[in-house]
Amino acid sequence: MSKQKKQSRELRTTIQGSQLEIRQAQGGRTLAGRCVVFNQPANIGGAFLETIAPSSFSQTLREDDQIMLRDHRSELLLGRRSAGTLTLSQDQIGVTFEVSLPDTELGRDTYENVRLGNLRGCSFGFLVRDDEWSQDAAGNLTRLIKNVQCFEVTLTSMPAYDSTSVDIRSVRARLAKRDDDSGDDDDLDCDDADANDPRCDEDDEDRSVCTCECDGCKQGSCVDCSNANCESEDCLANRCGVMERNMHFQLITRRLRR
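Those letters in the sequence shown? Residues 4 to 261, per the numbering used here, in order.
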């Protein structure tokens with residue numbers, strides 16, 4: 004029996020700088036604030052430092068639809084861009100939002116909790132399209148996020164710095180490979196020098212070596228699979244990012260249709 008696949012989705016919360024405010028609009032209630040702040044290093048779960056680059060939301064705001072939730076719960080829906088109830092805008096500082104709250108118990112409760120200061124933060128869920136990793140002499144990792152696919156923003160009272168979907172072993176292996184061109188990936192020895200290779204997993208001895216021919220998988224990490232139509236079972240066994248992303252969006256879509 005194979006173990007549960009890691010989620011590709013990541014969550015980040017903006018508490019400082021969220022600038023939440025309430026606005027009494029004609030015939031309804033509106034909230035506004037900032038859900039993303041650029042160029043602000045954040046310690047992600049003690050695993051690495053992360054900075055979101057300016058313009059990293061340009062593509063997703065142009066191509067994708069986003070929803071606003073409470074605490075990342077799909078059943079607590081507050082707004083949607085395609086419905087005209089949620090607006091997201093990018094500037095040099097970050098991403099701002101404005102949401103027209105529904106006249107429901109959830110909408111009224113959310114408005115009152117922001118007014119009272121109980122809800123102070125914004126969070127967003129995303130998948131990384133392009134990032135850049137570096138490692139200093141002490142082994143500390145730094146990540147620059149350059150392009151994201153954002154699918155939700157959320158109002159929250161609690162920080163959500165979720166680094167579990169980032170395979171740190173895979174990142175370190177890629178950086179080591181970049182610095183050591185003499186390495187041979189054809190002969191893995193998971194009991195010796197290659198023990199940290201992303202294809203070696205002491206908790207899953209049956210994990211296969213990926214046969215997907217895309218550039219991402221050739222680098223040794225199926226999390227970074229670049230084959231948009233990937234259907235390789237080997238790739239899925241190695242936590243294929245494309246297929247996990249598709250499965251996640253299918254799950255979100257099914258929940259929203261209930």
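Every residue gets a Cβ at the ideal spot worked out from N, C-alpha and C, and that includes glycine.
Starting from A35, follow its DSSP beta bridges and name the residues at the other end. E24 and E101
Could you name the residues of the same chain whose beta carbon sits closer than 7 Å to that of E24, not counting the 5 residues immediately before and after it, in chain order? Result list for E24: A35 and G36, in chain order.
Quick check: T63 and V151, are their CB atoms within less than 8 Å of each other? A contact, by the Cβ cut-off of 8 Å.
Pull up the CB-CB distance for V169 and E13, whole angstroms please, since I reckon it's below 8 Å. 7 Å
Run the CB neighbour count on S61, radius 10 Å, all protein chains shown included, and call it buried at 16 or more, exposed below. exposed
Contiguous alpha helix (DSSP H) assignments of at least 4 residues, all confined to the region 103-143: 108-119
Measuring straight from C-alpha to C-alpha, what distance separates L119 and V226? 42 Å
Is it buried or exposed, N232, if we count other Cβ atoms within 10 angstroms and call 16 or more buried? It is exposed - the Cβ of N232 has fewer than 16 other Cβ atoms within 10 Å.
Taking the continuous alpha helix (DSSP H) assigned at Q69, which residues delimit it? Unbroken run through Q69: none, as it is neither H nor E.
Whole angstroms are fine: how far does the CA of L158 sit from the CA of C125? 5 Å
Segment contact, 8 Å Cβ cut-off, at least three pairs: the region 130-141 with the region 171-182: By the Cβ test, the region 130-141 is in contact with the region 171-182, since at least three Cβ pairs between them sit closer than 8 Å.
Span separating the alpha-carbon of T88 from that of G48: 33 Å
How many Å lie between L109 and F154 at the Cα? 21 Å
Below 6 Å CB to CB, which residues in the same chain sit around M71 once its five sequence neighbours on both sides are set aside? L81, G82, L89, V102 and V156
From what residue to what residue does the alpha helix (DSSP H) around I171 run? Boundaries of the alpha helix (DSSP H) harbouring I171: I171 to D182, taken from the DSSP string.
Using three-state DSSP, classify S77 as helix, strand or coil. strand
Assigned secondary structure, S92 (DSSP; H/G/I helix, E/B strand, else coil): strand
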